[in-house]
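Taking this note's numbering, the leading residue of the sequence shown gets 56, the next gets one more, and so forth. Where a beta carbon is used, it is the ideal one built from N, C-alpha and C, also for glycine. Take a look at the structure below.
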Amino acid sequence: MTELLHPDAAGIARAADLLRGGGLVAFATETVYGLGADAGNARAVAAIFAAKGRPHFNPLISHYPNAEAAFAHVEANAAARRLAEAFWPGPLTLVLPRRATCPVALLAGAGLETMAVRVPAHADALALLRAVGRPVAAPSANRSGRVSPTTAAHVLAGLSGRIDAVLDSGPCPVGVESTVLDLTGPRPCLLRPGGVTREAIVALVGAIERGMPPAAAEIGRVLPSPGMMASHYAPALPVRLNAREAAVDEALLAFGPAPAGAGVVFQLSVSGDLAEAAANLFTGLRALDEEAGRRGLRRIAVMPVPKEGLGLAINDRLQRAAAPRA
Ligand code: TXA
Ligand code: MG
C-alpha cells in the first residue's frame with residue numbers, strides 16, 4: 056500500500072521517517088514530483104531503480120536544502136557558486152566532481168566521478184529535506200521512459216503499490232524538469248534544457264555548449280546524461296510535431312488558438328504563454344493519451360512552440376515524446 060500524505064507537519068514528519076528508514080517517498084518539487092530515497096543508503100537507492108524500472112547506468116540527482124549542504128559533497132567552482140547564488144533554490148541541476156568524502160551511494164551516481172546536485176524551490180520539498188537531514192536522491196516519480204508526473208495522481212497512476220508514500224502538494228508550478236548543466240569541463244555544458252532558461256544562464260556565466268561535456272567525450276563515455284536518450288517522456292500514442300491542424304484520427308495539443316474543426320483538444324496556453332504551457336505540458340500529454348485512447352484516435356498532433364526561453368525545454372520533451380521508440 057502506498058500512503059497518501061498531506062504536507063502538514065505530521066505528513067512531513069512521516070515522510071521523513073520513511074525516508075530515514077530506507078523507504079521510497081514521492082514528493083513535489085517546483086518542477087515535477089520526485090521519487091525520493093536516502094541518497095546515502097545504497098539499498099534504498101537500488102529500490103528507486105527497481106520501482107521505476109530505470110536502467111542502472113542512468114544517474115540520479117541528489118537534493119539538498121541549501122547550497123552549503125550541496126557543496127559539502129561536490130566541488131563547487133566559481134561558476135557553480137555564481138549559478139547557485141542566482142538560481143537556488145530553483146530548477147537548476149549542477150553536475151560537479153564528487154568529493155572523496157561524499158557519502159552518497161555510488162549507485163546513485165551510476166558510478167560516475169561526477170554528481171548532480173540541486174536545491175528545489177518548493178516549500179514542502181525544502182521542509183522534507185531539512186527534516187530528513189540527509190541528501191535525498193530523486194528522479195522524476197514516473198516509470199522509466201514515461202511522461203513525468205506533475206500531480207500526486209500522476210505519481211500513483213504509475214507507482215501505486217510500488218512505493219511507500221506520496222506527499223500530495225498539488226500540481227507542480229513549473230511543470231518541466233530542472234535544467235541540467237555540467238560544470239566539469241572548461242565551459243558549462245547544457246545536458247538538458249529545463250526550468251531555468253539557457254538565456255538566463257548565458258547572461259550569468261557566458262557561452263555554454265549543448266550536448267556531451269568535453270570530459271565525457273575524452274574518456275569515451277557514450278551517454279554522459281542518459282536523460283539525453285532520444286526516446287523518453289513518451290506517452291502511449293505516437294506524437295506528430297509542428298502540426299497546423301489535426302487529422303480525423305488525431306488529438307491535438309494546442310499552443311495558441313486551435314484550428315477550427317479540431318476535435319479532441321488540450322490547450323497548453325491559448326495566449327501563447329511559455330510558462331503556462333510548460334506547467335500544462337505533461338498533464339496535457341497524459342490527458343490526450345487517455346482521451347484519444349477512449350475515442351480510438353491514433354496519434355497526438357502537437358502545434359509548434361517557439362524554441363526560446365522555456366520553449367527550449369518544452370520542445371526538448373516534445374521531440375523525445377515523438378522520437379521512434381526503442
Ligand atoms: O526537476 C528535476 O530535475 C526532477 C526533480 C524531481 O528534481 N528530477 C529529475 O530527475 O528530472 P531525473 O532522474 O528524471 O533526471 C535527471 C537527469 C537525467 O537526465 C540524468 O541522466 C542526469 O540528470 N544526471 C544525473 N546525474 C548526472 C551526472 N553525474 N552526470 C550527467 N548527468 C547526470
Ligand atoms: Mg525523469
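Would you identify the three-state DSSP class for residue 208, choosing helix, strand or coil? In this structure, residue 208 counts as helix in the three-state DSSP scheme.
Check residue 57 in the structure and name its three-state DSSP category. Residue 57 falls in the coil class under three-state DSSP.
Looking only at its own chain, which residues have a Cβ that is under 7 Å from the Cβ of residue 251, when we skip the five neighbours before and after it? Same-chain partners within the cutoff: 142, 145, 146, 147 and 234.
For residue 235, which three-state DSSP category applies? In the structure shown, residue 235 sits in a strand (DSSP, three-state: E or B).
Shorter than 8 Å, the distance from the beta carbon of residue 128 to the closest heavy atom of the ligand TXA, or not? Incorrect: residue 128 has no Cβ contact closer than 8 Å to the ligand TXA.
Please confirm whether residue 306 and residue 347 have their CB atoms less than 9 Å apart. Taking 9 Å as the Cβ cut-off, residue 306 and residue 347 qualify as a contacting pair.
Among the candidates 222, 212 and 99, whose CA atom is the shortest distance from the CA of residue 183? Comparing Cα-Cα distances from residue 183 to each of 222, 212 and 99, the minimum goes to 222.
Do residue 171 and residue 81 come within 9 Å of each other at the CB atom, strictly closer than that value? Contact flag unset, no.
Sort out for me which residues DSSP pairs residue 91 with in a bridge. For residue 91, which the question treats as bridged, DSSP gives the partners 80.
Taking C-alpha atoms, which residue in 116, 151 and 117 lies nearest to residue 133? From the listed residues 116, 151 and 117, the smallest Cα separation to residue 133 is found for 151.
When you get a sec, list the residues whose CB is within less than 6 Å of any heavy atom of the ligand MG, chain order please. The set of residues whose C-beta lies within less than 6 Å of a heavy atom of the ligand MG reads, in chain order, 194, 195 and 203.
With DSSP run on the structure shown, which of helix, strand or coil describes residue 321? If DSSP states are grouped into helix, strand and coil, residue 321 belongs with the strands.
Please classify residue 325 as buried or exposed, where buried requires at least 16 neighbouring CB atoms within 10 angstroms. It counts as exposed.
Using C-beta distances below 8 Å, list every residue in its chain close to residue 127, excluding the 5 sequence neighbours before and after it, in chain order. If we look at residue 127 and ignore the five residues flanking it on each side, its Cβ neighbours are 154.
Distance between residue 167 and residue 316 (C-alpha atoms, nearest Å): Distance from the CA atom of residue 316 to the CA atom of residue 167, rounded to whole angstroms, is 51 Å.
Please report the Cβ distance between residue 321 and residue 342, rounded to the nearest whole angstrom; I am assuming they are in contact, meaning their Cβ atoms lie under 8 Å. Going by Cβ atoms, the distance from residue 321 to residue 342 rounds to 5 Å, so yes, they are a contact pair.
Quick test of your reading: residue 86 and residue 232, contact by CB under 8 Å. State the CB separation rounded to the nearest angstrom. Confirmed, about 5 Å.
Strand pairing of residue 151, partner residues [DSSP]: The partner list for residue 151 (beta bridge, DSSP) reads 170.
Using a Cβ-Cβ cutoff of less than 8 Å, which residues in the same chain neighbour residue 360 once the five nearest sequence positions on both sides are dropped? Counting only Cβ-Cβ distances below 8 Å, and skipping sequence neighbours, we find 310, 323, 329, 332, 366, 369, 370 and 373.
Per-residue DSSP class, three states only, for residue 254: Residue state, collapsed to three classes: helix.
Classify residue 69 as buried or exposed, calling it buried when 16 or more other Cβ atoms lie within 10 Å of its own Cβ. It is buried - the Cβ of residue 69 has at least 16 other Cβ atoms within 10 Å.
If you draw a straight line from the C-alpha of residue 290 to the C-alpha of residue 212, how long is it? Going by C-alpha positions, residue 290 is about 13 Å away from residue 212.
Going by beta carbon distance, what residues of the same chain come within less than 6 Å of residue 158, once the five residues before and after it are set aside? So the qualifying residues of the chain are 95.
Tell me which same chain residues have a C-beta within less than 8 Å of the C-beta of residue 64, skipping the five on either side of it? Closer than 8 Å at Cβ, skipping near neighbours: no residue.
Between the beta-carbon of residue 215 and the beta-carbon of residue 62, is there less than 9 Å? Not a contact, by the Cβ cut-off of 9 Å.
Straight-line Cα distance separating residue 265 from residue 257: Approximately 12 Å, taken between the alpha carbons.
Is it the case that the CB of residue 265 approaches a heavy atom of the ligand TXA more closely than 8 Å? Not under cutoff, so the answer is no.
Give the C-beta separation of residue 67 and residue 186 to the nearest angstrom, bearing in mind that I take them to be a contact with Cβ-Cβ under 8 Å. About 6 Å; that satisfies the 8 Å criterion.
What residue does the beta strand (DSSP E) around residue 187 start on, and which one ends it? Residue 187 -> not in any beta strand (DSSP E); alpha helix (DSSP H) instead, spanning 178-187.
Just to confirm, does residue 123 get its C-beta within under 8 Å of one of the non-hydrogen atoms of the ligand TXA? No, Cβ of residue 123 sits at least 8 Å from all heavy atoms of the ligand TXA.
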